[in-house]
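Novice:
2 protein chains.
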Amino acid sequence: MSAVRLLDELSHAPLKSEWLDTILKGDCVAALDRLPEKSVDIIFADPPYNLQLDGDLHRPDQSKVDAVDDDWDRFESFEAYDAFTRAWLLAARRVLKPSGTIWVIGSYHNIFRVGARMQDLGFWILNDIVWRKTNPMPNFRGRRFQNAHETMIWASRDQKAKGYTFNYEALKASNDDLQMRSDWLFPICTGGERLKDENGNKLHPTQKPEALLARIMMASTKPGDVVLDPFFGSGTTGAVAKRLGRHFVGIEREQAYIDAANERIAAVRPLEEADLTVLSGKRAEPRVAFISLIDNGLVVPGATLYDAKKRWAAKVRADGTLAIGGSAGSIHKIGAEVQGLDACNGWTFWHYERSGGLSPIDELRRIARLGMERAGA
Amino acid sequence: MSAVRLLDELSHAPLKSEWLDTILKGDCVAALDRLPEKSVDIIFADPPYNLQLDGDLHRPDQSKVDAVDDDWDRFESFEAYDAFTRAWLLAARRVLKPSGTIWVIGSYHNIFRVGARMQDLGFWILNDIVWRKTNPMPNFRGRRFQNAHETMIWASRDQKAKGYTFNYEALKASNDDLQMRSDWLFPICTGGERLKDENGNKLHPTQKPEALLARIMMASTKPGDVVLDPFFGSGTTGAVAKRLGRHFVGIEREQAYIDAANERIAAVRPLEEADLTVLSGKRAEPRVAFISLIDNGLVVPGATLYDAKKRWAAKVRADGTLAIGGSAGSIHKIGAEVQGLDACNGWTFWHYERSGGLSPIDELRRIARLGMERAGA
DNA sequence: TCAAGTTTTGAATCCGCAC
DNA sequence: TGTGCGGATTCAAAACTTG
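From first to last, the protein sequence lines are chains R and A.
Letter 74 of the first sequence, counting from 1, is numbered 74 in UniProt numbering, and no numbers are missing.
Letter 276 of the second sequence, counting from 1, is numbered 276 in UniProt numbering, and no numbers are missing.
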């Protein structure tokens with residue numbers, strides 16, 4: 001693999017072959033237009049999400065949330081965002097080989113608009129993939145569900161496109177011999193992997209985890225393929241491509257990001273060819289919510305639960321809380337309350353009645369887990 | 001809850017009040033237009049997915065997969081599907097209360113188009129929710145990832161809409177005291193829950209699991225609310241609404257589905273009202289003004305309040321304000337000021353001296369609330 | 001040097017009533 | 001319809017501090 005080079009941002013001439021494994025500086029569409037048509041095997045795009053944030057958000061401890069308020073994420077309107085999306089998708093499509101595929105990541109703020117534009121332009125959606133975050137930011141005001149995932153769209157160039165790369169067998173082998181599902185579980189990018197600036201602050205507000213890109217490339221590219229990233233940012237795509245023996249092309253406007261990405265990629269050591277076969281994903285231990293026992297029919301609303309000695313009896317409500325006397329709350333809260341303790345494991349404290357007598361609801365949790373494990377919860 | 005009734009499909013006159021807990025037969029938009037505006041609390045919509053299936057799909061054992069190939073799932077083009085989507089969303093929006101919310105479920109075939117149209121019409125997305133299936137159909141050809149989830153969009157009527165129902169505390173209590181995430185795990189609808197026709201075949205190709213609808217209603221409705229489902233199908237929404245003490249309105253074109261849904265809903269026994277109580281948090285507690293503690297004699301003018309570590313001491317004045325140094329104001333303002341913060345909860349920050357040491361004035365608020373309850377305030 | 005406790009932080013469309 | 005303000009609200013993991 002050749003060294004990382006930086007191309008002249010002022011030129012508009014078509015590029016020859018020296019663009020492989022380099023970062024093109026400049027506007028996304030202009031840079032794409034300089035690349036030869038049908039020249040890249042896959043595209044990974046992490047475009048601005050158009051978050052439309054309004055005012056500050058504080059945590060319960062009054063600290064301020066460091067929001068994404070960069071200029072590049074501000075658009076006048078949905079129409080402006082749509083026009084931007086259409087333009088870069090069109091330019092990207094020209095560059096993509098007929099058998100190539102494209103990945104686009106987004107959140108609910110933008111992904112629906114992006115997906116609709118992709119379909120309008122003739123891209124053929126193969127899957128939507130959910131990146132479930134192990135450690136998402138909470139919802140601090142308690143007014144919505146915790147936004148715990150992002151969505152990726154995987155599409156071929158058009159409906160009739162054949163021969164795209166999908167390493168089905170390798171993915172299956174890496175997933176306990178089960179075919180890989182459309183929901184993936186990864187932590188967000190933190191720790192040593194997260195690039196920092198000279199002040200120790202995060203260099204880029206939306207750096208993606210390398211594991212995510214590795215899964216994508218292992219699934220939909222072959223060694224030696226060319227991966228294009230039109231919103232290169234901190235260069236995760238380039239770092240993973242180099243490590244996995246793929247070529248990359250990045251496009252990025254900001255010099256600070258380009259410099260950091262070049263340095264980052266230069267430090268990457270490619271894997272030995274023999275190690276490129278299978279990369280395994282991480283599994284999390286399944287957590288069972290009490291309400292899922294109700295969902296599964298293992299517990300019925302209105303049922304009574306007891307402690308082991310039947311000193312207390314509490315009623316299950318449809319919302320998944322327990323009620324006893326005047327108070328209601330989670331199985332843990334109510335268990336603690338009746339005992340006058342600060343904390344209590346409701347799973348082992350509360351019991352349900354069955355033929356032989358009382359059994360802890362933890363048994364029901366075990367049963368529920370059997371179903372969840374199949375889903376890799 | 002009144003019995004299920006079937007309304008005349010030919011009439012176009014506006015409906016009076018007899019539409020509650022009934023299924024309206026006919027075209028979705030025409031039926032919506034007959035309902036009063038701003039009359040339903042939430043909408044759950046499971047529109048046609050526009051699957052665009054092309055030819056038959058066979059399992060490895062050569063058996064044919066029973067695909068969704070009904071007429072109602074066929075559209076000429078994306079444009080036709082968009083027009084259909086826009087029309088029913090617009091009609092649904094008129095019927096929704098200003099503080100109401102809407103849920104729409106779909107797959108990658110249609111959800112991006114639906115989501116974009118929703119944004120175009122002014123709906124404000126609150127979350128996208130991923131339904132992860134424990135038992136999805138495998139991908140038989142091994143050319144894509146196993147399509148193991150569907151996506152739901154939860155949105156308010158418009159950006160400024162306030163006061164929508166979200167039972168945050170109940171959801172959290174039912175989930176091991178962790179806030180509910182945007183990825184949910186449920187099995188697909190099978191077994192006894194799945195409606196069968198006279199030949200023992202599935203009655204409806206896309207019957208949704210009741211647990212999914214129960215989670216939705218427990219999250220975003222109160223008992224007695226009205227739930228509208230403009231694509232009623234086999235009536236899952238009605239069955240769950242009745243069981244959970246909510247009203248429903250269904251719209252459906254096919255008589256066979258209407259008949260099956262009516263029969264199904266008639267067999268549902270509602271839960272006891274006591275089991276339907278929704279856990280509410282501090283936000284729902286009655287307001288207590290700090291000065292009422294003085295009125296009640298729980299705090300005496302001239303008393304000194306401290307923070308937990310006695311770093312600051314402030315004096316209570318007869319008008320219900322706190323004074324410290326040169327400044328005076330509410331318990332919250334002064335608490336924030338001494339800490340140099342923008343905001344502060346004075347009830348938990350300030351403490352009063354008693355025999356055992358310091359106690360937060362929030363304790364006094366609780367005592368005051370008990371008095372208010374006795375007085376029926 | 002290690003263990004234990006504390007602080008920090010991450011793509012966030014994050015309030016509702018009274019006046 | 002806008003403005004003011006009371007006061008409610010967080011999970012996982014890394015980084016940092018203390019013993």
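Here a beta-carbon is modelled for each residue, glycine too, at the ideal position from N, C-alpha and C.
Just so it is clear, the structure is predicted and the values come from calculations on it, not from any experiment.
1. In whole angstroms, give me the CA-to-CA distance for L24/A and T85/A.
2. Measure the alpha-carbon distance for D295/A versus R311/A and round it to whole angstroms.
3. Alpha carbon to alpha carbon, how far is T165/R from T221/R?
4. Which ranges does the alpha helix (DSSP H) cover as unbroken runs of at least 4 residues, wholly within the segment 109 to 152 of chain R, from first to last along the chain?
5. I need the DSSP call for K242/A, collapsed to helix, strand or coil.
6. Would you give the residue range spanned by the alpha helix (DSSP H) that G235/R belongs to?
7. Would you decide whether V40/R is buried or exposed? Buried here means 16 or more other CB atoms lie within 10 Å of its CB.
8. Strictly below 9 Å CB to CB, what residues from chain R border F231/A?
9. With distances taken from CA atoms, which of P230/R, R74/R, L53/R, L364/R is nearest R354/R?
10. Determine the chain R residues that contact L279/A at a beta-carbon separation under 8 Å, and present them in chain order.
11. Tell me which residues share the same chain as N127/A and place their Cβ nearer than 7 Å to its Cβ, disregarding the 5 neighbours each side in the sequence.
12. Does the count of Cβ pairs from the segment 227 to 240 of chain A and the segment 255 to 273 of chain R closer than 8 Å reach three?
13. In three-state DSSP terms, what is A87/R?
14. Let me make sure I understand the geometry here. Which of V268/R, A368/R, A256/R, P60/R has the alpha-carbon closest to that of A239/R?
15. Using a Cβ-Cβ cut-off of 6 Å (strictly less than) and excluding sequence neighbours within five positions of K282/R, which residues of its own chain qualify?
16. Between which two residues does the alpha helix (DSSP H) containing D259/A stretch?
17. Please check if any C-beta of chain R sits within less than 8 Å of the C-beta of P47/A.
18. Against chain A, with Cβ distances strictly below 8 Å, would S359/R count as a contact?
19. Going by beta-carbon coordinates alone, are R184/R and S156/R separated by less than 8 Å?
20. Near A318/R, what residues of its chain come up, given a Cβ to Cβ distance below 6 Å and the 5 sequence neighbours on each side ignored?
21. Under the three-state reduction of DSSP, which class applies to S99/R: helix, strand or coil?
22. Rank L15/A, G26/A, A13/A by C-alpha distance to the C-alpha of Y257/A and give the top, closest one.
23. In the DSSP assignment, the beta strand (DSSP E) including V249/A goes from what residue to what residue?
24. Give me the chain R residues within the contact set of N175/A, using Cβ-Cβ distance strictly less than 7 Å, ordered along the chain.
25. Kindly indicate which three-state DSSP category G371/R falls into: helix, strand or coil?
26. Only counting runs of 3 or more residues, tell me where the beta strand (DSSP E) segments fall wholly within the segment 175 to 226 of chain A, in order along the chain.
27. Could you give the C-beta distance for L121/R and R93/R, rounded to a whole number, given that I count them as a contact under 8 Å?
28. Does the beta-carbon distance from A241/A to V227/A come in below 8 Å?
29. Below 7 Å CB to CB, which residues in the same chain sit around N167/A once its five sequence neighbours on both sides are set aside?
30. Going along the chain, which residues of its own chain have a beta-carbon closer than 7 Å to the beta-carbon of K196/R, five neighbours each way excluded?
31. Within 8 Å, do at least three Cβ pairs link the segment 170 to 178 of chain A to the segment 315 to 329 of chain R?
32. When you check each C-beta in the segment 173 to 199 of chain R against every C-beta of chain A, which residues fall closer than 7 Å?
33. Under a CB-based cut-off of 8 Å, is G100/A close to chain R?
34. Could you tell me the distance, in whole angstroms, from the CA atom of V95/R to the CA atom of K38/R?
35. Please tell me whether N345/R has its Cβ less than 8 Å away from any Cβ of chain A.
36. Could one say the Cβ of residue 378/A lies closer than 8 Å to chain R's Cβ atoms, at least one of them?
Specialist: On the basis of the supplied data:
1. What you label residue 24/A is simply residue 24 of the second sequence in a count that begins at 1. What you label residue 85/A is simply residue 85 of the second sequence in a count that begins at 1. Their backbone Cα atoms lie some 19 Å apart in a straight line.
2. In the second sequence, the residue the question calls residue 295/A occupies position 295. In the second sequence, the residue the question calls residue 311/A occupies position 311. D295/A and R311/A: Cα-Cα distance of roughly 28 Å.
3. Translated into the one-based positions of the first sequence, residue 165/R becomes position 165. Translated into the one-based positions of the first sequence, residue 221/R becomes position 221. Approximately 6 Å between the Cα atoms of the pair.
4. 111 to 120
5. Residue numbering aside, residue 242/A sits at position 242 when the second sequence is read from its first letter. Note: K242/A maps to helix in three-state DSSP.
6. Your numbering for residue 235/R matches position 235 in the first sequence. Note, G235/R: premise wrong, no alpha helix (DSSP H); not H, not E.
7. The sequence position of residue 40/R within the first sequence is 40, counting from 1. V40/R is buried by the Cβ-count criterion.
8. Here the question's residue 231/A lines up with position 231 in the second sequence. Ordered by position in chain R, no residue passes the 9 Å Cβ test against F231/A, which lies about 19 Å from the chain.
9. Within the first sequence, numbered from 1, the residue matching residue 354/R stands at position 354. If we check each option's Cα against that of R354/R, L364/R comes out closest.
10. Locating residue 279/A in the second sequence gives position 279, counting from the first residue. What L279/A touches in chain R: R317, D319, T321, A328, G329.
11. Within the second sequence, the letter at position 127 stands for residue 127/A. For N127/A, where only same-chain residues beyond five positions count, the Cβ hits under 7 Å are W154, S182.
12. no
13. The count along the first sequence starts at 1 and reaches residue 87/R at position 87. Here A87/R sits in helix by DSSP.
14. As a position in the first sequence, residue 239/R is number 239, starting the count at 1. Comparing Cα positions, the closest option is V268/R.
15. Position 282 of the first sequence holds residue 282/R. Per-residue confidence for K282/R stands at a pLDDT of 46, beneath the threshold of 50, marking its modelled position as unreliable; the derived number appears in the next sentence. None.
16. As a first step, residue 259/A is located in the second sequence; it is residue number 259 there, counting from the start. Where D259/A is concerned, the enclosing alpha helix (DSSP H) stretches over 255 to 266.
17. Position 47 of the second sequence holds residue 47/A. Answer no: the Cβ-Cβ gap between P47/A and chain R never drops below 8 Å.
18. Start at 1 with the first residue of the first sequence, and residue 359/R comes out as number 359. No, no contact with chain A.
19. The count along the first sequence starts at 1 and reaches residue 184/R at position 184. The count along the first sequence starts at 1 and reaches residue 156/R at position 156. The identity of residue 184/R in the sequence shown is Trp, whereas the question assumes Arg. Cβ distance not < 8 Å, so W184/R and S156/R don't count as in contact.
20. Looking up residue 318/R in the first sequence gives position 318. Once the five neighbours on either side are set aside, the close Cβ partners of A318/R are P301.
21. Locating residue 99/R in the first sequence gives position 99, counting from the first residue. Strand.
22. Position 257 of the second sequence, counted from the first residue, corresponds to residue 257/A. The residue with the shortest Cα to Cα distance from Y257/A is G26/A.
23. Within the second sequence, numbered from 1, the residue matching residue 249/A stands at position 249. 247 to 252 is the span of the beta strand (DSSP E), which, as asked, contains V249/A.
24. Your numbering for residue 175/A matches position 175 in the second sequence. Residues of chain R passing the Cβ test: A289, I291.
25. By one-based count along the first sequence, residue 371/R stands at place 371. DSSP places G371/R in helix when its eight states are reduced to three.
26. 183 to 186
27. By 1-based counting over the first sequence, the position of residue 121/R is 121. By 1-based counting over the first sequence, the position of residue 93/R is 93. Confirmed, Cβ separation roughly 6 Å.
28. Position 241 of the second sequence, counted from the first residue, corresponds to residue 241/A. Position 227 of the second sequence, counted from the first residue, corresponds to residue 227/A. Yes, the Cβ-Cβ distance between A241/A and V227/A is below 8 Å.
29. Taking the second sequence and counting its residues from 1, one reaches residue 167/A at position 167. Cβ neighbours of N167/A beyond the five flanking positions: M218, A219, V278.
30. The sequence position of residue 196/R within the first sequence is 196, counting from 1. The answer, listed in chain order, is K202, L203.
31. yes
32. Q179, M180, R181, S182, D183
33. Position 100 of the second sequence, counted from the start, is the residue given in the question as residue 100/A. False, the Cβ-Cβ gap to chain R never drops below 8 Å.
34. Here residue 95/R refers to the residue found at position 95 when the first sequence is read from its first residue. Here residue 38/R refers to the residue found at position 38 when the first sequence is read from its first residue. Distance between the alpha carbons of V95/R and K38/R is about 5 Å.
35. The residue labelled residue 345/R in the question sits at position 345 within the first sequence. No, N345/R does not count as interfacial toward chain A.
36. Outside the shown range of chain A, which is 1 to 377, sits residue 378/A, and nothing can be said about it.
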